[in-house]
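2 protein chains.
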Amino acid sequence: MSNHYKFECSSCETEYSPSPSLIECEICDSPLNIKYLPTHYSGGDNTSLEIPLPLNSQSELFSLGEGNTPTVNLTNTSALLDVNLLAKNESQNPTGSFKDRGTSILISCLLKFGIKEIVEDSSGNAGSSISAYSAAAGIKAHIFAPETAPPPKISQIKVYGATHHSTPGSRDKVTESARKYAVKHNLIYASHNLSPYFIEGTKSFGYELLSDTSHTFPTDIVIPVGNGSLYIGVYKALTELISYKLITQLPRMHFIQAESVKPIASAVYNQKWNNKMVLQTKAGGIAVGSPPRLNQVINVMKVSGGECDTVHEEEITNWQLELARTEGIYCEPTSAAAFAGTSKMIKSGKIRKGSTVLVPITGSGLKDTSPV
Amino acid sequence: MSNHYKFECSSCETEYSPSPSLIECEICDSPLNIKYLPTHYSGGDNTSLEIPLPLNSQSELFSLGEGNTPTVNLTNTSALLDVNLLAKNESQNPTGSFKDRGTSILISCLLKFGIKEIVEDSSGNAGSSISAYSAAAGIKAHIFAPETAPPPKISQIKVYGATHHSTPGSRDKVTESARKYAVKHNLIYASHNLSPYFIEGTKSFGYELLSDTSHTFPTDIVIPVGNGSLYIGVYKALTELISYKLITQLPRMHFIQAESVKPIASAVYNQKWNNKMVLQTKAGGIAVGSPPRLNQVINVMKVSGGECDTVHEEEITNWQLELARTEGIYCEPTSAAAFAGTSKMIKSGKIRKGSTVLVPITGSGLKDTSPV
Chain U
11 MSNHYKFECS SCETEYSPSP SLIECEICDS PLNIKYLPTH YSGGDNTSLE
61 IPLPLNSQSE LFSLGEGNTP TVNLTNTSAL LDVNLLAKNE SQNPTGSFKD
111 RGTSILISCL LKFGIKEIVE DSSGNAGSSI SAYSAAAGIK AHIFAPETAP
161 PPKISQIKVY GATHHSTPGS RDKVTESARK YAVKHNLIYA SHNLSPYFIE
211 GTKSFGYELL SDTSHTFPTD IVIPVGNGSL YIGVYKALTE LISYKLITQL
261 PRMHFIQAES VKPIASAVYN QKWNNKMVLQ TKAGGIAVGS PPRLNQVINV
311 MKVSGGECDT VHEEEITNWQ LELARTEGIY CEPTSAAAFA GTSKMIKSGK
361 IRKGSTVLVP ITGSGLKDTS PV
Chain W
11 MSNHYKFECS SCETEYSPSP SLIECEICDS PLNIKYLPTH YSGGDNTSLE
61 IPLPLNSQSE LFSLGEGNTP TVNLTNTSAL LDVNLLAKNE SQNPTGSFKD
111 RGTSILISCL LKFGIKEIVE DSSGNAGSSI SAYSAAAGIK AHIFAPETAP
161 PPKISQIKVY GATHHSTPGS RDKVTESARK YAVKHNLIYA SHNLSPYFIE
211 GTKSFGYELL SDTSHTFPTD IVIPVGNGSL YIGVYKALTE LISYKLITQL
261 PRMHFIQAES VKPIASAVYN QKWNNKMVLQ TKAGGIAVGS PPRLNQVINV
311 MKVSGGECDT VHEEEITNWQ LELARTEGIY CEPTSAAAFA GTSKMIKSGK
361 IRKGSTVLVP ITGSGLKDTS PV
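So the protein sequences, as listed, match chains U and W. So the first sequence is residues 11 to 382, counted in my numbering. So the second sequence is residues 11 to 382, counted in my numbering.
Shown next as structure tokens:
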């Protein structure tokens with residue numbers, strides 16, 4: 011296996027040799043990150059940017075054509091909100107969400123380890139993504155999803171041939187069921203929330219901002235956060251770009267949660283939160299009551315000078331329709347939550363007028379229950 | 011307006027000044043094409059390819075980030091069929107189908123003419139595409155769709171805010187209703203099947219094959235054809251590339267129709283066909299009983315040395331699942347028809363073993379009724 015990186019605990023910094031079955035620190039149970047050996051990467055030049063990845067060469071990359079999504083200028087909404095609003099449309103990935111970036115690297119690494127069968131839990135997007143890539147890679151996948159997941163996402167998981175385990179109870183119960191199943195059947199638990207490989211894949215979103223926006227590099231990035239795999243991945247990419255001197259300033263990184271499920275926002279504002287307070291939300295992609303990377307998310311927000319906010323269910327639906335009707339973009343509710351939050355943060359002054367604000371279209375509206 | 015192109019009848023070659031309301035030859039009723047003035051285009055160089063378009067500059071392009079879709083190598087299916095099989099994944103367009111390429115140019119030109127309200131008819135993909143681009147462009151759209159169109163496509167048309175006219179009867183009846191409505195209300199009939207602008211947009215698919223496949227330029231291209239807007243657009247692009255000496259040989263261009271709706275294949279094989287023979291097909295995108303560009307499609311097939319074939323309903327579903335389960339690609343039934351046809355043509359020898367065959371994923375399976 012590769013020797014150019016290690017696993018490192020995100021909390022106590024204990025280091026480990028990479029392993030597909032290791033997803034938490036054996037000492038403090040915190041999630042793990044990938045740490046590259048110093049001086050291994052130089053950043054390449056402007057024409058061939060070198061992205062640090064847990065792969066030895068491009069030929070090890072297992073891809074279905076993910077990434078290289080367009081960034082579009084939302085001119086009508088920019089005028090409305092008095093900012094320069096950009097959307098990077100991640101619904102234009104192979105399975106219709108940004109998860110394909112993380113899945114590509116996760117599956118690439120699992121193939122290197124010779125893994126043939128995996129277990130994963132998901133509200134739907136990661137599940138369908140892992141189901142698709144596993145099918146193409148010849149890996150048998152067991153996907154645990156909440157029984158309340160939207161029918162199009164469930165169909166998508168099944169159409170790729172994964173075994174679908176419909177699971178009652180909260181999103182956290184689904185995780186618990188998946189972990190138990192993996193232990194019982196001695197299978198790899200390929201959690202997109204915990205595997206350190208997944209975040210290495212979402213980094214490409216951050217790298218692409220360099221070529222996407224050229225003269226209007228965002229001053230602010232607003233991301234809907236459940237577990238934070240995109241939020242943390244983009245932050246990691248931006249810090250790498252700074253270390254290569256390809257950008258000089260870290261954009262302010264803000265995050266949005268649903269009012270119905272707000273463990274991280276509650277922690278930021280020292281508000282009471284526990285799992286029993288979870289309510290149903292349309293934004294299924296961020297309905298995570300106990301996010302394992304909570305501390306990492308808050309750290310990114312603080313280091314980048316960002317803020318956070320929460321949004322109500324009707325704001326989510328309003329913004330989903332607003333974007334479709336004024337910008338021609340049909341996003342999933344999870345993504346609409348970020349736009350609703352952006353609007354709130356501009357009104358409250360958390361984001362300054364005139365800023366260049368980038369928000370991801372995290373997934374396609376076609377994958378969720380129709381709002382009309 | 012521009013003076014670097016004219017409209018030209020695809021049959022009698024009568025020329026006309028461009029107009030948004032002119033969609034058929036006033037003499038022989040045949041569809042119109044765009045004809046660029048000689049020597050206007052040189053093809054640019056390898057780094058900045060110049061595509062002839064009915065626009066005066068890049069700034070006139072109205073885009074939601076369409077195109078630049080990935081071409082992926084279907085290694086598992088290649089081994090099965092004994093060819094080098096490539097798929098260009100058009101589901102990775104803003105509204106989930108290749109139609110966005112045509113719509114982008116059509117709407118760009120309608121904006122130049124100052125058009126504010128349009129009528130269109132569609133089995134769903136073009137309707138949702140035109141609904142999205144119209145919303146962003148501030149154009150009011152009336153979309154006529156068959157009442158049997160898949161629910162996700164109807165939702166998508168409506169979510170962008172277009173007025174949806176659910177229409178009973180055959181696909182051709184839907185066209186008739188749309189045309190009557192446009193005449194009655196004195197609106198522009200922005201038909202993706204008839205407007206000469208639409209095909210200019212689908213050309214970009216053909217141009218991208220140059221950079222997509224580099225060392226494996228396809229010897230054969232197989233496209234599902236209803237009206238042929240992609241088939242004709244790709245052919246036009248390839249002939250332009252030949253005129254610029256950027257490719258030396260035209261790939262063989264094959265087309266596939268559903269056995270249930272086969273007006274063009276019937277014409278090729280001198281079989282009886284009339285509109286009353288139309289049967290229900292899952293491949294809604296090619297369910298066109300009286301295609302206005304029938305002669306153009308047959309001409310492309312003959313000039314390129316291509317062939318055609320038809321496929322049964324069960325072959326369509328089998329290939330939709332086959333691609334999902336072996337390649338991780340969830341395509342719409344219309345696209346699956348092309349893969350089913352490709353398989354047949356390889357078995358019958360119409361396509362030679364060892365060929366490099368490119369097939370488009372014309373749209374996302376998420377937009378259609380689920381096969382599971």
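Glycine is no exception: its CB is placed at the ideal position from the N, C-alpha and C atoms. Quantities reported herein were computed from a predicted structural model and do not represent experimental measurements.
So D378(U) is in the alpha helix (DSSP H); what residue range does that whole segment cover? Per DSSP, D378(U) belongs to no alpha helix (DSSP H) and is neither H nor E.
Going by Cα to Cα distance, which pick from T87(U), N86(U) and G77(U) is closest to E100(U)? The option with the nearest alpha carbon to E100(U) is G77(U).
Chain-ordered residues of the region 330 to 363 of chain U with a beta carbon less than 9 Å from chain W: Cβ contacts with chain W: Q330, L331, A334, R335, T336, E337, G338, I339 and Y340.
DSSP-derived helix/strand/coil call for A172(U): Under the three-state reduction of DSSP output, A172(U) falls in the coil class, being neither helix nor strand.
Measure the alpha-carbon distance for T113(W) versus G211(W) and round it to whole angstroms. Their backbone Cα atoms lie some 7 Å apart in a straight line.
List, in chain order, every chain W residue whose beta-carbon is nearer than 8 Å to that of P162(U). Near P162(U) (Cβ distances below 8 Å), the residues of chain W are P162, L376 and S380.
Using alpha carbons as the reference points, say which of E157(W), K150(W), D319(W) and S107(W) lies closest to S139(W). Nearest Cα to S139(W) within the set E157(W), K150(W), D319(W) and S107(W): S107(W).
Going along chain U in order, which residues have a C-beta closer than 9 Å to the C-beta of Q68(W)? Chain order gives no chain U residues near Q68(W), where near means a beta carbon separation below 9 Å; the closest approach is about 14 Å.
When you compare each of V278(U), I361(U), F265(U) and L289(U) to A346(U) by their alpha carbons, which one comes out closest? The residue with the shortest Cα to Cα distance from A346(U) is F265(U).
Taking the alpha carbon of D182(W) as the point to measure from, which residue in S141(W), G236(W) and G359(W) has its own alpha carbon closest? The alpha carbon of D182(W) has as its nearest neighbour, out of S141(W), G236(W) and G359(W), the alpha carbon of G236(W).
Selected residue, minimal CA-CA separation from L197(U), among S31(U), D378(U) and Y15(U): When only C-alpha atoms are compared, the closest one is S31(U).
Any chain W beta carbon closer than 8 Å to Y170(U): Closer than 8 Å to some Cβ of chain W, the Cβ of Y170(U) qualifies, so yes.
Taking beta-carbon pairs under 7 Å, can you tell me which members of the region 273 to 300 of chain U lie near chain W? Residues passing the 7 Å Cβ filter: none.
Taking C-beta pairs closer than 7 Å, name the residues in chain W that Y217(U) reaches, listed in chain order. Residues of chain W whose Cβ lies closer than 7 Å to the Cβ of Y217(U) do not exist; the shortest such Cβ separation is about 17 Å.
What residues in the region 134 to 164 of chain W have a beta carbon less than 7 Å from any beta carbon of chain U? Hits within the stretch, in order: A142, Y143, A145, A146 and P162.
Do K98(U) and I371(U) have their CB atoms nearer than 8 Å? The Cβ atoms of K98(U) and I371(U) sit closer than 8 Å to each other.
A293(U) in three-state terms, based on DSSP: Reduced to three states, the DSSP call for A293(U) is coil.
Sort S21(U), P104(U) and N86(U) by Cα distance to G75(U) and report the nearest one. Ranked by how close their Cα comes to the Cα of G75(U), the residues S21(U), P104(U) and N86(U) have P104(U) in first place.
Where does the unbroken alpha helix (DSSP H) through K109(W) begin, and where does it stop? The continuous alpha helix (DSSP H) containing K109(W) extends over residues K109 to K122.
Who pairs with F154(W) in a beta bridge, going by DSSP? In the DSSP output, where bridge partners are listed per residue, F154(W) has D131(W) and H175(W).
Short check: CB of Y143(W) to CB of G295(U), under 8 Å? Not closer than 8 Å, so no.
Through-space distance from P178(W) to P162(W), alpha-carbon basis: Answer to the nearest angstrom: the Cα atoms are 18 Å apart.
At 7 Å on the CB atoms, spell out the chain U contacts of Q166(W), in chain order. Listed by position along chain U, the residues whose Cβ is nearer than 7 Å to that of Q166(W) are Y340 and L376.
Below 8 Å on the Cβ atoms is my guess for R111(U) versus F227(U); work out the distance and round it to an integer in Å. Taking the Cβ atoms as the reference, R111(U) lies roughly 20 Å from F227(U), outside the contact range of under 8 Å.
As a quick exercise: from L42(U), K168(U), A268(U) and K213(U), pick the residue whose alpha carbon is nearest that of V382(W). Measuring from the Cα of V382(W), the nearest candidate turns out to be K168(U).
What does DSSP give as the partner residues of Q267(W) in its beta bridges? Q267(W) pairs with T320(W).
Does any residue of chain W bring its CB to less than 8 Å from the CB of P80(U)? Against chain W, the CB of P80(U) has a partner CB under 8 Å away; the residue lies at that interface.
Hey, how far is the Cα of T229(U) from the Cα of E127(W)? Roughly 37 Å between the two C-alpha positions.
Is the CB of N56(W) under 8 Å away from at least one CB in chain U? Low confidence applies to N56(W): its pLDDT is 49, below 50, so where it sits in the model is not reliable, and the reading given next is rough at best. Judged by the 8 Å Cβ criterion, N56(W) is not in contact with chain U.
Determine the closest residue to I7(W) out of I44(W), P28(W), T24(W) and Y46(W), with distance taken between C-alpha atoms. With chain W running from 11 to 382 in the structure shown, residue 7(W) is simply not present.
Assuming contact is defined by CB atoms lying nearer than 8 Å, are P160(U) and G137(U) in contact in what I supplied? No Cβ-Cβ contact shorter than 8 Å links P160(U) with G137(U).
Compare the C-beta of N99(U) with all C-beta atoms of chain W and state if any pair is closer than 8 Å. Closer than 8 Å to some Cβ of chain W, the Cβ of N99(U) qualifies, so yes.
Rounding to the nearest angstrom, what Cα-Cα distance links C8(U) and T258(U) in this structure? Outside the shown range of chain U, which is 11 to 382, sits residue 8(U), and nothing can be said about it.
I think D222(U) touches T366(U), with their Cβ atoms under 8 Å apart; what is that distance to the nearest whole Å? Between D222(U) and T366(U) a beta carbon distance of about 12 Å is seen, past the 8 Å cut, so the two are scored as non-contacting.
So if I threshold CB-CB distances at 9 Å, which residues from the region 100 to 111 of chain U count as touching chain W? Those residues of the region 100 to 111 of chain U that come within reach of chain W (Cβ to Cβ, closer than 9 Å) are S101, Q102, N103, P104, T105 and G106.
Chain-ordered chain U contacts of L74(W) [CB-CB under 9 Å]: Identification of chain U residues near L74(W) by a Cβ-Cβ cut-off of 9 Å yields P80, V82, N99, E337, G338 and I339, ordered along the chain.
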